[in-house]
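Visitor: Residue numbers (this note's numbering), protein chains in the order written: chain X, 114 to 361; chain P, 2 to 247.
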Ligand SMILES: Nc1ncnc2c1ncn2[C@@H]1O[C@H](COP(=O)(O)OP(=O)(O)O)[C@@H](O)[C@H]1O
Ligand SMILES: [Mg+2]
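What follows is the structure, given as structure tokens:
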């Protein structure tokens, strides 16, 4: 469970997160949705501590993360896996070494145990026979899968995904979305996914928060999103002609 | 104001670089990789440039000293001293600033803009140390070897050009390069090389580490890395020469 209480963040005197409060439950996929530039990535990076917040509190279960120093944050970060927007695979390492990296860096497992764990993670995301390829040699969808495999290598309690299906075709996007949902349920992780994709919202939006210009405007599930009264959310949801037809 | 801020940022980065590594074996492997990437891969260019520059320095010295009163072996001596004192340390450092500096800045810069540094940071890795320390160790240990190689090949190039064109006999040249040899000059040259290696690696890493934007900015950072490294090398060349040879 992750709780965010009244956090704000500005860059160069411009408020990019405005008094956001929300809680994210374990075992379900929590979605942060909003238009490009609405502050989704800033919110995600603030929660992980890659950006320092100006005010507010961030709680990981019963630990107040935002009050910790760099060293103590490290202990919590080892429980966090993150899939970055562009996958952020280490491009000078093979697929295998990318997944091995957190294991080499943060565990004292034997070589055999590490290999076993790596293979398990790659199997889990349905990656086979690409162990010795470099990220540049993979398709976008495969890169995301390897990114997920690396993110879950240390068996994290928390999983963050920034636009996991940006740049993917709709079919691959749904596969990645569902993979994230399955893994979340399987390991009872607290998962937060940033997206602007309505397909994802309908497919895996077990809990959805909508932000606009750094402010939380709406919170609910994919079942009630089509019936919301929030005009900004409706503008977002019913932006395309296709979704307009779904309007109740 | 901006300059002061950059200098401050540079020293804060350096402070983080010199903190204790979390995992020795990971750092060790990384350092070996950098030896290959930044060191071994520079042997070719250093060898070619040294051979040819040694040849040209010898011919230039010979053509400018065509005088019966001037003993021929001084050509060998002149060639040796210019190569040891300036060419193999300063000139090679400027060339390495172009090759190694731009590669460090663009590698780290690309990692920054593609969020690879964020990914490391998020895992709890000290990115400054993980990315820069292995490169620094590799260049500081390997560049002196490149300088020695350059001295040897430069003098060899001089000998080849001098004897092949007949401006100096082999025995005169060999007598010249041994005449009044001051071993301290080699030490001076190696000390300069170490300082220059430090400049090239840290300045270029700094430029890459703080890239903000996209691939265009990575390109700019890599150009800046080369320019700033070169200027600092020239500046420290003067300072070190004054300190060590006066
Ligand atoms: N490091 C930063 N410095 C200054 N402005 C930033 C920074 N990061 C994000 N912003 C600004 O914050 C706003 C929200 O960005 P972001 O969270 O990336 O949007 P998105 O919802 O598309 O992920 C944008 O206007 C962006 O320009
Ligand atoms: Mg974003």
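Beta carbons are placed, not taken as given, at the ideal position from N, Cα and C, and that holds for glycine.
Keep in mind the model is a prediction, meaning the values are calculated, not measured.
Under 8 angstroms between the Cβ atoms of residue 360 of chain X and residue 349 of chain X?
Guide: As a first step, residue 360 of chain X must be located in the first chain, where it is residue number 247. As a first step, residue 349 of chain X must be located in the first chain, where it is residue number 236. The answer is no: Cβ separation not under 8 angstroms.
Visitor: Assess, as a yes-or-no matter, whether the segment 77-90 of chain P is touched by the segment 208-218 of chain P under the definition of 3 or more beta carbon pairs within less than 8 angstroms.
Guide: Because the criterion of three Cβ pairs below 8 angstroms is not met, the segment 208-218 of chain P and the segment 77-90 of chain P do not touch.
Visitor: Would the C-beta of residue 61 of chain P count as close to ligand 2, meaning under 7 angstroms from any of its heavy atoms?
Guide: Within the second chain, the letter at position 60 stands for residue 61 of chain P. No, since every heavy atom of ligand 2 falls outside the 7 angstroms radius drawn around the Cβ of residue 61 of chain P.
Visitor: How many Å lie between residue 296 of chain X and residue 273 of chain X at the Cα?
Guide: Taking the first chain and counting its residues from 1, the one referred to as residue 296 of chain X is at position 183. Taking the first chain and counting its residues from 1, the one referred to as residue 273 of chain X is at position 160. Using only the alpha carbons, I get a separation of about 12 angstroms.
Visitor: Please check if any C-beta of chain P sits within less than 8 angstroms of the C-beta of residue 177 of chain X.
Guide: Start at 1 with the first residue of the first chain, and residue 177 of chain X comes out as number 64. Not an interface residue.
Visitor: At 7 angstroms on the CB atoms, spell out the chain P contacts of residue 147 of chain X, in chain order.
Guide: One-based indexing of the first chain puts residue 147 of chain X at position 34. Within 7 angstroms Cβ-Cβ: nothing; residue 147 of chain X doesn't reach chain P, min ~20 angstroms.
Visitor: For residue 284 of chain X, which residues from the same chain have a beta carbon less than 6 angstroms from its beta carbon, with the 5 sequence-adjacent residues on both sides left out?
Guide: Indexing the first chain from 1 puts residue 284 of chain X at position 171. So no residue of the chain qualifies.
Visitor: Quick check on the burial criterion: 16 or more other C-beta atoms within 10 angstroms. Buried or exposed for residue 94 of chain P?
Guide: As a working note, residue 94 of chain P is residue 93 in the second chain. Answer is buried; the Cβ neighbour count reaches 16.
Visitor: For ligand 1, enumerate in chain order all residues having a CB closer than 6 angstroms to any of its heavy atoms.
Guide: The answer, residue by residue, is X:124, X:129, X:147, X:149, X:150, X:151, X:152, X:153, X:154, X:155.
Visitor: Please confirm whether residue 24 of chain P has its beta-carbon closer than 8 angstroms to some beta-carbon of chain X.
Guide: Against the second chain, residue 24 of chain P aligns to sequence position 23. Yes, contact with chain X.
Visitor: Compare the C-alpha of residue 183 of chain X against each of X:126, X:234, X:163 and name the closest.
Guide: Translated into the one-based positions of the first chain, residue 183 of chain X becomes position 70. Measuring from the Cα of residue 183 of chain X, the nearest candidate turns out to be X:163.
Visitor: When every heavy atom of ligand 4 is checked, does at least one fall within less than 7 angstroms of the C-beta of residue 276 of chain X?
Guide: Among the ligands in the structure shown, ligand 4 does not appear; only ligand 1 and ligand 2 can be found there.
Visitor: Please report how far the alpha carbon of residue 163 of chain P lies from the alpha carbon of residue 175 of chain P, in whole angstroms.
Guide: Mapped onto the second chain, residue 163 of chain P falls at position 162. Mapped onto the second chain, residue 175 of chain P falls at position 174. Looking at the two C-alpha atoms, the distance is approximately 11 angstroms.
Visitor: Only counting the same chain, and skipping five residues up and downstream in sequence, which positions put a Cβ closer than 6 angstroms to that of residue 305 of chain X?
Guide: The residue labelled residue 305 of chain X in the question sits at position 192 within the first chain. These residues qualify, in order along the chain: 137, 143, 273.
Visitor: Could you work out which residues of chain P lie near residue 180 of chain X, taking near to mean beta carbons separated by less than 9 angstroms?
Guide: Numbered from its first residue, the first chain carries residue 180 of chain X at position 67. Correct list: empty, because the minimum Cβ distance to chain P is about 17 angstroms.
Visitor: Judging by CA-CA distance, which residue of X:286, X:276, X:224, X:325 is the nearest neighbour of residue 195 of chain X?
Guide: Looking up residue 195 of chain X in the first chain gives position 82. Residue X:276 is the option with its Cα nearest to residue 195 of chain X.
Visitor: Which residues mark the beginning and the end of the beta strand (DSSP E) in which residue 315 of chain X is found?
Guide: Indexing the first chain from 1 puts residue 315 of chain X at position 202. Element bounds for residue 315 of chain X: not the beta strand (DSSP E) but the alpha helix (DSSP H), 311-317.
Visitor: Find the residues of chain P that neighbour residue 159 of chain X, judging by a C-beta separation of less than 9 angstroms, and give them in chain order.
Guide: As a position in the first chain, residue 159 of chain X is number 46, starting the count at 1. By Cβ distance, chain P contributes nothing, its closest Cβ being about 13 angstroms from residue 159 of chain X, past 9 angstroms.
Visitor: Since residue 136 of chain X sits in a beta bridge, which residues does DSSP pair it with?
Guide: Taking the first chain and counting its residues from 1, the one referred to as residue 136 of chain X is at position 23. According to DSSP, which records beta bridges pairwise, residue 136 of chain X is partnered with X:116.
Visitor: Measuring straight from C-alpha to C-alpha, what distance separates residue 126 of chain P and residue 157 of chain X?
Guide: Along the second chain, read from residue 1 onward, the residue named residue 126 of chain P stands at position 125. Along the first chain, read from residue 1 onward, the residue named residue 157 of chain X stands at position 44. The alpha-carbon atoms of residue 126 of chain P and residue 157 of chain X are separated by roughly 19 angstroms.
Visitor: Within the chosen definition, does the segment 180-193 of chain P reach the segment 114-123 of chain P through at least 3 CB pairs nearer than 8 angstroms?
Guide: Result no; under three Cβ-Cβ pairs closer than 8 angstroms.
Visitor: Give a yes or no on whether 8 angstroms exceeds the smallest Cβ distance from residue 119 of chain P to chain X.
Guide: Residue 119 of chain P sits at position 118 when you count from the first residue of the second chain. For residue 119 of chain P, the answer is yes, since a Cβ of chain X falls inside 8 angstroms of its Cβ.
Visitor: Going along chain P, which residues have a C-beta under 7 angstroms from residue 163 of chain X?
Guide: Indexing the first chain from 1 puts residue 163 of chain X at position 50. Going along chain P in sequence order, the residues near residue 163 of chain X (Cβ under 7 angstroms) are 119, 122, 123.
Visitor: Using a Cβ-Cβ cut-off of 6 angstroms (strictly less than) and excluding sequence neighbours within five positions of residue 79 of chain P, which residues of its own chain qualify?
Guide: As a position in the second chain, residue 79 of chain P is number 78, starting the count at 1. Closer than 6 angstroms at Cβ, skipping near neighbours: 62.
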